[in-house]
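Just below is one structure, and these are the notes that go with it.
In this note's numbering, the protein residues as written are 4 to 274.
Below you can see the structure in the form of structure tokens.
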């Protein structure tokens, strides 16, 4: 395994050999949180797991400008250009899925071809933001202003990992959140809230897998409706899971990812 600092200073794990699989983490997380997937997928593929800007070991810009989802995608695009890959399979969880959707919109000859896309508990937003998103956004902003980022970390951890046997996952999430700067978290939260995805006609004319937890923030039916709009998309519902599906149902996620990747590596090689 090696770590890289390329693109706009993104810290990145690079492990394994074979076709490249890019893992994009969620809000308040980092590339290391993909460890259950890295251990399995790196036996077969080259795994690239960056820390998004302001997360983990990746610095946050200090230009005072608000973050847009397109900015986070551009960071990753520059990383991929620096790695000089021919093609890449992208797996995006929550915020990482939003970044992945933005990446699919970028047309640049220097970028690798996106061979397939997997979205985990992630959904594009249109101009009409659901009331649940508005409530969550202002609740987190208010709690951070009054009590700090650590309190939000404990609040979120208790919601996504509520069972007694998930104490290690709760504590790990809280620790990760406490290590993040408040300004970076708020900038990323703002980027999510103000994101409005306008799909290019051919942006998702590729194989797509959507993994939806049965107890995620957004309902399965919303993801099912999105999947129905895509020409080559499969939806899998993960039972007994909340938002942190790659961690609370790691074995199921790994099995579905391996099956999806094997299918699409075979199909892309024969095209």
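Using N, Cα and C, we set each Cβ at its ideal position, and we do this for glycine too.
- Looking at 156, 164, 166, the one whose alpha-carbon comes closest to that of residue 178 is 156.
- Annotation: the region 186-251 contains the following complete segments of the alpha helix (DSSP H) (minimum length 4 residues), in chain order: 223-231, 248-251.
- Of the residues assessed, residue 91 falls on the buried side of the cut-off, its CB having 16 or more other CB atoms within 10 angstroms.
- Of the other Cβ atoms in all chains shown, 16 or more fall within 10 Å of the Cβ of residue 256; this residue is therefore buried.
- Taking C-alpha positions only, residue 69 is separated from residue 209 by approximately 31 Å.
- Under the 10 Å beta carbon count, residue 148 is surrounded by fewer than 16 other beta carbons and is classified as exposed.
- Secondary structure note for residue 119: its beta strand (DSSP E) is the uninterrupted segment 116-123.
- Contact annotation, residue 13 with residue 54: C-beta distance approximately 6 Å; criterion of less than 8 Å satisfied.
- Under the 10 Å beta carbon count, residue 44 is surrounded by 16 or more other beta carbons and is classified as buried.
- Membership of residue 126 in any alpha helix (DSSP H) is not indicated, and neither H nor E is assigned to it by DSSP.
- A straight-line Cα-Cα distance of about 27 Å links residue 241 and residue 58.
- Assigned with DSSP and collapsed to three states, residue 50 falls in strand.
- Under the 10 Å beta carbon count, residue 246 is surrounded by 16 or more other beta carbons and is classified as buried.
- Restricting attention to 254, 259, 265, the CA atom closest to the CA of residue 38 is found in 254.
- Residue pairing of residue 90 in beta bridges, as defined by DSSP: 116.
- When the Cα atoms are used, residue 93 and residue 120 turn out to be separated by approximately 5 Å.
- With 16 or more other Cβ atoms inside 10 Å of its own Cβ, residue 79 counts as buried.
- Here DSSP, grouped into helix, strand and coil, assigns residue 100 to helix.
- 8 Å or more divides the Cβ of residue 56 from the Cβ of residue 82.
- Secondary structure note for residue 63: it is in no alpha helix (DSSP H), with a DSSP letter that is neither H nor E.
- Here residue 30 carries a coil assignment [DSSP, helix/strand/coil].
- The C-alpha of residue 227 lies about 30 Å from the C-alpha of residue 168.
- With respect to residue 238, residue 213 sits close: the two C-beta atoms are nearer than 8 Å.
- Residue 219 sits buried, since 16 or more C-beta atoms from the chains shown fall within 10 Å of its C-beta.
- Here residue 141 is exposed: its Cβ has fewer than 16 other Cβ atoms, across all protein chains shown, within 10 Å.
- In the DSSP assignment, residue 13 falls within the beta strand (DSSP E) that extends over 13-18.
- Within the same chain, 28 come within 6 Å of residue 36 by CB-CB distance, once the 5 residues on both sides are set aside.
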